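*Asks:* Here it is, the structure, as structure tokens.
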Amino acid sequence: MKQCSYGTMRYFVFALIALSAAIGINGSGVRGADDLMAELRSYPYRIVYETYREGNWELFSIKADGSEPINLTRTPDVHELYPHGSPDGTRIVFVVDETAGGEKIRNVYLMNMDGSDRQRVATNARQPCWDGRGEVIAYLRGESDRFRYTDYATRGLFFYDLRTGEHRAHPNVELRHLYSTCWSPDGRWLVATVHAGMGYRHAIVAIEAEGQRVVNLQIPGCRPDISPDGRRVAWGASDWVLCVGDLAFTDGTPRVVNVRDVVRSEKPMEVYHVDWSPDGKYLAFSRGPAGKRMGRIPEIVGVPATGWNICVADAAATNRWVPLTTDGNCNKEPDWMPVAGSSPVTAPGRPSRSPGTPGRSPAGSEPAGHWHSR
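In the numbering used here, the protein residues as written are 1 to 374.
Right, here's the structure in full:
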């Protein structure tokens, strides 16, 4: 058999990826794509996401149909990533990769929806999320002082109370190697992925918010996201499939039932970072070609992912989805933003306050661990 030259093979690979991306962008084979885009044009919510522009990560906001893009950060000297909107749509928590003492460090920040009133929440911290009331931010600590891109390079779960300015640790001090934490709207459980830690090789787990229990949900994949009403969970079952299941409780223990595929993608186009819309009707997600960048896989926070775009799927169907961005500028980690000033969607029977009484630490100081579905 005739051997292809390296240049010819490289051209062929890039052409194949470009063709696959074009097929995805045009919606070929995606059921009801045109009708879905028509629905999204009148949908009132926006999406915030990370994007790589001119060598810098920024946070952008778009309308539900992908129109009206707004750069929320405009900071060429630091990288903003992993945005999560508050339940009332007024603020965004996110991470910043910046330099301190000549060393790169990832920190958690908070700002208003328009980018104003920017403030640091925690140093050497990552993957923040909100509680259902928008009063507390959960975040993970970096496993060491040395910066690492690895998503599970974490040790410990912590909570920052915006009302008091206090930080506290989760009561289970053995939590480690977690990523993609997400808070249930009733305040009782968090879900997360664990990799090579806590006795697990790889699993999606539920973590008791004010206790010691960690429950293996027995579903494959990673990056779970709980619906705003607390009744469903979405996650990536593999590089190519996004799933939805019902959350059920037997004897007070969470489990996932009635699992079905909501998006199936053909190789080499991966699908990741699924997020529920405020009314639970749609799912935003990232989609793009597989392949390592900087020696790392593209779905990891801070790793460039050329050809990746933001998409929206109908949560009640299978493979009814449309792309919202088409520039392929490493568009990842979408998060729906409720209409500013609206009331958070809460689960039935939600307590007036989250369970447990926060431990005390000096006001404004970081810990020496409350919680949400965004």
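Cβ atoms here follow ideal geometry from the backbone N, Cα and C, with glycine treated the same way. Please read these numbers as outputs of a predicted model, since none were measured by experiment.
Would you list the one or two residues that DSSP bridges to Phe249?
*Replies:* According to DSSP, which records beta bridges pairwise, Phe249 is partnered with Pro254.
*Asks:* I need the DSSP call for Arg41, collapsed to helix, strand or coil.
*Replies:* Arg41 falls in the helix class under three-state DSSP.
*Asks:* With distances taken between CB atoms, is the gap from Val48 to Gly85 smaller than 7 angstroms?
*Replies:* Cβ distance < 7 angstroms, so Val48 and Gly85 count as in contact.
*Asks:* How many angstroms separate the CA atom of Val215 from the CA atom of Ala237?
*Replies:* If you take the alpha carbons of Val215 and Ala237, they lie about 18 angstroms apart.
*Asks:* Determine the DSSP secondary structure at Leu36, reduced to helix, strand or coil.
*Replies:* It is helical.
*Asks:* If you measure from the CB of Glu68, is any heavy atom of the ligand FAD nearer than 6 angstroms?
*Replies:* As presented, the structure is devoid of all ligands, the ligand FAD included, so that no description of it is given.
*Asks:* Taking a contact to mean a Cβ-Cβ separation below 7 angstroms, would you say Val256 touches Gly245 in this structure?
*Replies:* Their beta carbons are under 7 angstroms apart, which means Val256 touches Gly245 by this criterion.
*Asks:* Look at the alpha carbon of Arg163 and the alpha carbon of Pro87, and state the distance between them as a whole number of angstroms.
*Replies:* When rounded, the distance between both Cα atoms is 16 angstroms.
*Asks:* Using 10 angstroms around the beta-carbon of Ala248, count the other beta-carbons present and answer buried if the total reaches 16, otherwise exposed.
*Replies:* Exposed is the call here.
*Asks:* Looking only at its own chain, which residues have a Cβ that is under 7 angstroms from the Cβ of Lys104, when we skip the five neighbours before and after it?
*Replies:* Closer than 7 angstroms at Cβ, skipping near neighbours: Asp97 and Phe147.
*Asks:* Residues bridged to His202 by DSSP?
*Replies:* His195, per the DSSP bridge assignment.
*Asks:* Can you find at least 3 beta carbon pairs, one from the segment 274-290 and one from the segment 220-239, that sit closer than 8 angstroms?
*Replies:* Result yes; three or more Cβ-Cβ pairs closer than 8 angstroms.
*Asks:* Check whether the segment 309-321 touches the segment 286-294, counting contact only when three or more Cβ pairs, one atom from each stretch, lie closer than 8 angstroms.
*Replies:* Taking 8 angstroms as the limit for Cβ pairs, the verdict is that the segment 286-294 does touch the segment 309-321.
*Asks:* Give the list of continuous beta strand (DSSP E) stretches no shorter than 3 residues that lie fully inside the segment 90-165.
*Replies:* Within the segment 90-165, the complete beta strand (DSSP E) runs of at least 3 residues are 91-100, 103-112, 119-122, 125-130, 136-142 and 154-161.
*Asks:* Can a CB atom of chain D be found closer than 7 angstroms to the CB of Leu162?
*Replies:* In the structure shown, chain D does not exist; there is a single protein chain.
*Asks:* How is Glu208 classed by DSSP in three states: helix, strand or coil?
*Replies:* In this structure, Glu208 counts as strand in the three-state DSSP scheme.
*Asks:* Could you pull out every residue in the same chain whose Cβ sits closer than 7 angstroms to the Cβ of Ile300, ignoring the five residues on either side in sequence?
*Replies:* These residues qualify, in order along the chain: Tyr149 and Asp151.
*Asks:* Using C-beta distances below 8 angstroms, list every residue in its chain close to Arg320, excluding the 5 sequence neighbours before and after it, in chain order.
*Replies:* Taken in chain order, the residues that qualify are Val30, Arg31, Gly32, Ala33, Leu36, Ala313 and Asp314.
*Asks:* Could you give the residue range of the beta strand (DSSP E) that holds Ile380?
*Replies:* Examination of residue 380 is not possible in this model, given that the chain is present from 1 through 374 alone.
*Asks:* What three-state label does DSSP hand Thr181 in the structure shown?
*Replies:* Strand at Thr181.
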